[in-house]
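Below: the structure, in structure tokens.
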Amino acid sequence: MIDKIHHVGIAVHDLDEALKFYRDTLGLHVHEEATVEDQGVRAALLTIGESEIELLEPTSPEANMAKFLERKGEGLHHICFQTDDVDGDLETLKGKGVQLVDQKSRPGIAGMICFLHPKASRSVLVELATPMEMYRG
Ligand code: CO
């Protein structure tokens, strides 16, 4: 069951430059930094209440995130909804004919995650995530 916005993902050219605003000017706390090689991103996660801001910088010019930045420039990349059962929700959505990016959940920065196709959600890329401490496999 989807129950809150886990994080908002923002594509940036330069993570350190972006942190000058989100961390230094707004005063948000960076609780994690991670590089996810198979997704081609270097990320910083900032706490904002019960949710997070996820700043995403491409690790190489070939990364999908680099292509996104080329096409659209910096800005909103995706919204992530938290669910206690990413696999169950994915099966339910498949059953409803929703277009997906991922057919199965996979490990991501926010836990076990999957992406729905933006065509399903009015051109907003939607991620579903079950944090690892909640994930039952
Ligand atoms: Co995300």
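Position 116, counted from 1, in the sequence shown is what the numbering used here calls 309; the numbers after and before it change by one each time, with no gaps.
A virtual CB, placed ideally from N, CA and C, is assigned to each residue, including glycine.
The structure presented is a predicted model; accordingly, all values stated were derived computationally and were not measured.
Q) Under a CB-based cut-off of 9 Å, is G220 close to chain C? A) Although the question refers to chain C, the structure presented lacks it and comprises just one protein chain.
Q) Do I302 and the ligand CO come close, with the Cβ less than 8 Å from some heavy atom? A) yes
Q: Would you mind listing the beta strand (DSSP E) stretches within the segment 217 to 276 that are 3+ residues and don't spill past its ends, in chain order?
A: 222 to 229, 234 to 241, 244 to 251 and 268 to 276
Q. Between S314, M305, G301 and L321, which lies nearest to D231 when the distance is taken from Cα to Cα?
A. G301
Q | Counted within 10 angstroms of its Cβ, other Cβ atoms place H222 as buried (16 or more) or exposed | A | exposed
**Q.** Sufficient close CB pairs (3 or more, under 8 Å) joining the segment 316 to 325 to the segment 278 to 286
**A.** yes
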